[in-house]
Amino acid sequence: MKQFKTESKRILDLMINSIYTNKEIFLRELISNASDAIDKLHFISLTDSEVNSDFKIKITIDKDARTLTIEDNGIGMNKEDLEKNLGTIAESGTLDFKEKNEEELIGQFGVGFYSAFMVSDKIEVLTKKYKEDKAYLWTSKGVEGYEIKEAVKDGVGSKITLTIKQNSDEENYDEYLQDYVITSLIKKHSDYIHYPIKMDVKKTKEVDGKEETFIEEETINSMVPLWRKNKNEVTTEAMESFYMDVFHDYEKPLKCYYSKIEGKVSYNAMLFVPQKAPFDYYSKDFKRGLKLYSSCVLIMDKCEELLPDYFGFVAGIVDSSDLSLNISREILQKDRQVKQISSSLEKKIITEFKKWLEEDRESYTKMFAEFGQTIKFGIYNSYGMKADELKDLLLFYSSKAKKEVTLKEYVSNMNAEQKEIYYATGDSIEQIDALPLAEKVKDKGFEILYLKDKVDEFVVKMIGKFEDKEFKSIADGDLGLDSEEEKKEIEDKQNDAKPMIEELKEALGGKVEIKLTNRLKSYPACVTAVGDVTLEMEKLYRSMPHANMPKVEAEKQLEINVEHPIYSKLESLYQEDKEKAKKLVKVLYYEGLLLEGLPVENVPEMINDITDILV
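Start counting the sequence shown at 1; every next residue gets the next number (this note's numbering).
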């Protein structure tokens, strides 16, 4: 019995128990190694006609003996290779071969083989190298070491036999002796290995009215991934079918994209936009990311680094042979290659989405209704740094068009005398449309963008300007809609009513300003905000968890319509019954809060005030 050259039980324990986060990947590693061995012989076959090019990987299960066998007809190993590659942990002939040849080889590290000890008590490797006469059997039970002896083998290649562990209280190892489990693992991790992976599969057929069982060798993997085919060979129907099968969606995607990028980092990408968000999409449990392959071997099921959060709804795969992987082939090194692919994908999606918006507005609008908030949060979460890239993808409901419009469309349709982009905020289109302040703006023929998502107002503030047009809330004090005469008239009324206003402010606790206005049409009053915190911002903060959150409130102002009969009523009450006048002001304030979707803190007091006015 020979000891491993590392002579360290701790290192082997580390590889088995720490490097790999789940046991099932042992099969991926062994199949990848088999594929590498075939690649090496295939490379030789280019100049050697004697090589048998009927390459394959065979998986065999023996439940009685508790063995799982992975066999290939690749280049095989001699005694020296076994000593170097299996006798030394973290030594790999593949890495050396890759440095000398331009082949795409997966197994760049020599630790993958040892992941098999996670599920097996004993590993045997029967192998014979191409153009050599002797075969060898390498045997190991783990940290104790290994032994190598001469053996007999028909044909070249390697046959790895794992003796699967007995079940324990914590682990069910029997599953690795089940046909359907092994088949599903091959499909999951090694479906696109470009050599057939074959298994003997139990099947049934009807003979003379009776069902008979028989065994048939079947190729488990599909071998040629869709994303490795030429673009002219890949139809939309094929991509849709691929998406529904791989991502388990019963609906076709809204959009499919296929890219083959060559450069400093070359990669293939197939991206999909789902019809609907997953049920847990807006929960903290949702994990975004693309499936990441290296030379057709699945490395990560969800690689978050490949897409920014605001495109987290995009599904798909990326396959690159240029990636730097860590030794477990599970976690991507955070290096320039990843950043380059991520940056390239982000630009690709933005470009394609702009084209989509122009060419298929109906379909794009459907996508935006489902995922638009996510894109908006890209601007919000980046504090506006992504505004230039994402602002052309945004849609907002238009008061004039009665549908979603882009900012570019809004600006191109502005009246000649209009200087700003007007917007209004609220909880729904219907509520915003009924806002008191919206009436006069619409009567003037100006278009208003209805911002119904809580993040919208933050987004437009971070964008700041669009084509030199500033965003302006219709709740802002002066929209420039009044003539100088109208401004002078309302200013005079405010001054004349100053004593009354100062006294009535007491009814509102002295914290709410009262302002007379002529910019309302049919409503008697409204509540607006002064200062940097808007009413919509207050509502957003109210919706957040309150633990350790500072209380954020807008500085409010009650605007009373001097052209409404209620103002005359207020003036009369002030002269006749000041207490009742104060209650009327409070009721107007309650109405304004409710119209804006804000709560009334003291509902019983509101009811009593309304009752007292009616009596």
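Backbone N, C-alpha and C define an ideal beta-carbon position, used for all residues, glycine too.
All of these numbers come straight from a predicted model, not from anything done at the bench.
(request) Could you tell me which of LEU306, TYR383, LYS366 sits nearest to LYS347, measuring between CA atoms? (result) LEU306
(message) By the three-class DSSP mapping on this structure, what secondary structure does GLY316 have?
(response) strand
(message) Just to confirm, is the Cβ distance from LEU271 to SER259 under 9 Å?
(response) yes
(message) Can you find the residues in the same chain that come closer than 6 Å, C-beta to C-beta, to LYS153, ignoring five residues on each side of it along the sequence?
(response) LEU126, LYS128, ALA135
(message) Are the CB atoms of VAL224 and LYS165 within a distance shorter than 9 Å?
(response) no
(message) Three or more C-beta pairs under 8 Å: does that hold for the region 435-451 against the region 369-383?
(response) no
(request) Name the one or two DSSP bridge partners that VAL297 has. (result) SER294
(message) Below 8 Å, how does it come out for the region 494-501 and the region 529-545: are there three or more Cβ pairs, yes or no?
(response) no
(message) On a Cα-Cα basis, can you pick out the residue from PHE466, LYS454, ILE421 that is closest to LEU390?
(response) PHE466
(request) Starting from the N-terminal side, write out each stretch of the beta strand (DSSP E) that is 3 residues or longer and does not extend beyond the region 97-185. (result) 120-128, 135-140, 146-151, 157-164
(message) For the structure I just gave you, are there three or more beta carbon pairs, one from the region 249-264 and one from the region 286-301, closer than 8 Å?
(response) no
(request) Let me know the alpha helix (DSSP H) ranges lying completely inside the region 391-474, each 4 residues or longer, listed in chain order. (result) 407-412, 429-433, 436-443, 456-463
(message) Tell me the residue span of the alpha helix (DSSP H) that contains GLN575.
(response) 565-576
(message) I'd like to know whether the C-beta atoms of GLY157 and GLY74 end up nearer to each other than 9 Å.
(response) yes
(message) Tell me which residues share the same chain as LYS454 and place their Cβ nearer than 8 Å to its Cβ, disregarding the 5 neighbours each side in the sequence.
(response) GLU536, LYS539, LEU540, SER543
(message) Measuring straight from C-alpha to C-alpha, what distance separates LYS339 and THR219?
(response) 37 Å
(message) Any contact between the region 517-530 and the region 556-567? By contact I mean 3 or more CB pairs, one from each, below 8 Å.
(response) yes
(message) Rounded to the nearest angstrom, what separates GLU513 and VAL530 at their Cα positions?
(response) 9 Å
(request) Compute the Euclidean distance between the alpha carbons of LYS578 and LYS556, then round it to the nearest angstrom. (result) 23 Å
(message) Quick check: what's the CA-CA separation for LEU595 versus GLU484?
(response) 30 Å
(request) Look up VAL603 in the DSSP assignment and say whether it is helix, strand or coil. (result) helix
(request) Put ASP388 into one of helix, strand or coil per three-state DSSP. (result) helix
(message) Give me, in chain order, the residues of the same chain whose beta-carbon lies closer than 6 Å to that of VAL603; leave out the 5 immediate sequence neighbours on both sides.
(response) none
(request) Kindly indicate which three-state DSSP category LYS255 falls into: helix, strand or coil? (result) strand
(request) Can you give me the Cβ contacts of LEU298 inside the same chain, cut-off strictly under 6 Å, excluding the 5 residues immediately before and after it? (result) HIS189
(message) Please return the same chain residues whose Cβ sits closer than 8 Å to the Cβ of GLY510, not counting the five positions on each side in sequence.
(response) none
(request) Assuming ARG28 contacts LEU177 (C-beta within less than 8 Å), just tell me the rounded distance between them. (result) Not really, about 18 Å apart at Cβ, beyond 8 Å.
(request) Below 6 Å CB to CB, which residues in the same chain sit around PHE396 once its five sequence neighbours on both sides are set aside? (result) LEU449
(request) Consult DSSP for GLY597 and reduce its assignment to one of helix, strand or coil. (result) coil
(request) Take VAL314 and list the residues in its own chain whose beta-carbon comes closer than 8 Å to its own, dropping the five residues that flank it on each side. (result) LEU271, PHE272, VAL273, LEU290, LEU307, ILE349
(request) Might you give, ordered along the chain, the residues of its own chain that have their beta carbon closer than 7 Å to the beta carbon of VAL587, omitting 5 neighbours on each side? (result) ASP609, ILE610, ILE613
(request) Count the other CB atoms, across all protein chains shown, that sit within 10 Å of the CB of SER412; report buried if there are 16 or more and exposed otherwise. (result) exposed
(message) Contact defined as beta carbons within less than 8 Å: I believe ILE31 pairs with ILE57. What is the distance between those atoms, to the nearest angstrom?
(response) 6 Å
(request) To the nearest angstrom, report how far apart ASN221 and LYS198 are at their CA atoms. (result) 8 Å
(request) Out of SER572, GLU439, ALA116, TYR281, state which residue places its alpha-carbon closest to the alpha-carbon of LEU68. (result) ALA116
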